[in-house]
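Q:
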Amino acid sequence: MPPGRQAEGVEEVLVLEVPVDDALEEEVDDVLDESGLLLVDSLLVLLDVALEELDDPELEPLAARESLR
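Right under this line is the structure:
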């Protein structure tokens, strides 16, 4: 392949490095940690709701509910 040309279907990727001070980096890490905790908390709530549905004797079995659709 001639110099300066790329193979078909290959995209050029540019990486930009930006100096970040430690305080900003720590703040970003805290936000990411908090986002992860919120996601885990949301998943736990969904799991709790699903488990409550399984324990509720008044709910129809899933197969019966699916047949109504």
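For the sequence shown, counting from 1, position 19 maps to 1328 in the numbering used here; every step adds exactly one.
No residue lacks a Cβ here, since even glycine has one placed at the ideal position from N, Cα and C.
DSSP on G1345, reduced to helix/strand/coil?
A: helix
Q: Do you know whose CA, among L1323, G1345 and D1338, lies nearest D1330's CA?
A: Relative to the Cα of D1330, the nearest Cα in the group L1323, G1345 and D1338 belongs to D1338.
Q: By how many angstroms is the C-alpha of L1360 removed from the C-alpha of L1333?
A: 41 angstroms
Q: Tell me which residues share the same chain as V1340 and place their Cβ nearer than 8 angstroms to its Cβ, disregarding the 5 neighbours each side in the sequence.
A: The beta carbon of V1340 sits closer than 8 angstroms to none of the beta carbons in its chain outside the five residues before and after it.
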